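Here's the structure we're looking at; comments come further down.
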Amino acid sequence: MPRKRTLTDQERIEHRREAVRRSNAKHKEQRDEYQRRYVVEHRAEIRARRREYMREYQRRYRIEHRKECNEDARKRMQRWRDTHPERAREARTRGNQKWRKSHPEIIQEINRNTKARRKGAPRKHTQRDIAILYICQYGRCANAQCFADLRTGYHIDHIRAIKNGGSNWPENLQLLCPPCNLKKGAS
Ligand SMILES: [Zn+2]
């Protein structure tokens with residue numbers, strides 16, 4: 015009769031695993047049924063949790079992979095523009111119009127500079143130059159005889175007209191009240 019020997023650690027682990035497997039198989043149906051019920055009864059909760067998890071995961075992913083994400087978005091936009099050229103053009107026009115509406119001073123500045131460049135005037139000025147001019151003139155018309163308050167509106171005047179070789183530098187600009195500017199243009 016063989017002597018009963020003690021089990022090695024490895025064998026003990028195997029035995030334990032086997033026991034768990036047997037127990038699992040025995041209770042499988044019960045467990046499956048419980049899980050099915052749980053899923054049905056907690057559907058909304060499970061979904062919300064999954065959504066929350068995904069949201070958090072995506073948020074973290076975007077922060078950690080900002081560069082790739084931006085690059086991906088750029089590529090997606092480009093693909094969309096390529097496949098929808100008409101709508102892309104419309105969207106761009108709409109966006110431009112919206113931006114132009116909310117930045118009238120900058121648009122005016124661009125228009126003035128473009129106009130001056132077409133007439134062959136050297137250099138250009140910025141909205142900041144105009145603001146400085148306004149302060150230097152104490153918000154008054156540059157015509158000393160007039161000195162009208164410019165708060166209700168002003169025209170930007172080239173002291174020496176561009177057609178006479180005047181530049182578009184701030185040094186050649188002055189702010190006139192509309193009547194003075196119109197008078198100057200008429201003379
Ligand atoms: Zn004036």
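Quick note, in this note's numbering, the sequence shown goes up one by one and the last residue is 201. Every residue gets a Cβ at the ideal spot worked out from N, C-alpha and C, and that includes glycine. All of these numbers come straight from a predicted model, not from anything done at the bench.
Quick check on DSSP: helix, strand or coil for L164? coil
inquiry  = With a threshold of 7 Å (Cβ to nearest heavy atom), would A200 be considered close to ligand 1?
reply    = no
From the DSSP output, in three-state form, read off Q188 for me.
strand
Buried/exposed call for H98, threshold 16 Cβ in 10 Å = exposed
Worksheet item: Does the beta carbon of I120 sit closer than 8 Å to a beta carbon anywhere in chain B?
Response: Protein chains in the displayed structure number just one, and chain B is not present.
Review point. Can you name the start and end residues of the alpha helix (DSSP H) that H56 belongs to?
Key: Premise fails: H56 is in no alpha helix (DSSP H) and is neither H nor E.
| message | Quick check: what's the CA-CA separation for E78 versus A58? | response | 30 Å
Practice item. For I60, I'd like the list of residues in its chain whose CB is within less than 7 Å of its CB, leaving aside the five on either flank, ordered along the chain. Key: V53
**Study point:** Whole-angstrom C-beta distance between W94 and A87, which should lie under 8 Å
**Key:** That pair is no contact at about 10 Å.
Q) With respect to 7 Å, is the separation between the Cβ of A158 and the closest non-hydrogen atom of ligand 1 below this value? A) no
Can you grab the Cα-Cα spacing for the pair R63 / H56, in whole Å?
-> 11 Å
The alpha helix (DSSP H) that contains H29, what's its start and end? 23-40
**Message:** Looking at the secondary structure, which residues open and close the beta strand (DSSP E) in which I170 lies?
**Reply:** 169-172
- Query: Cβ of L147 within 7 Å of any heavy atom in ligand 1?
  - Reply: no
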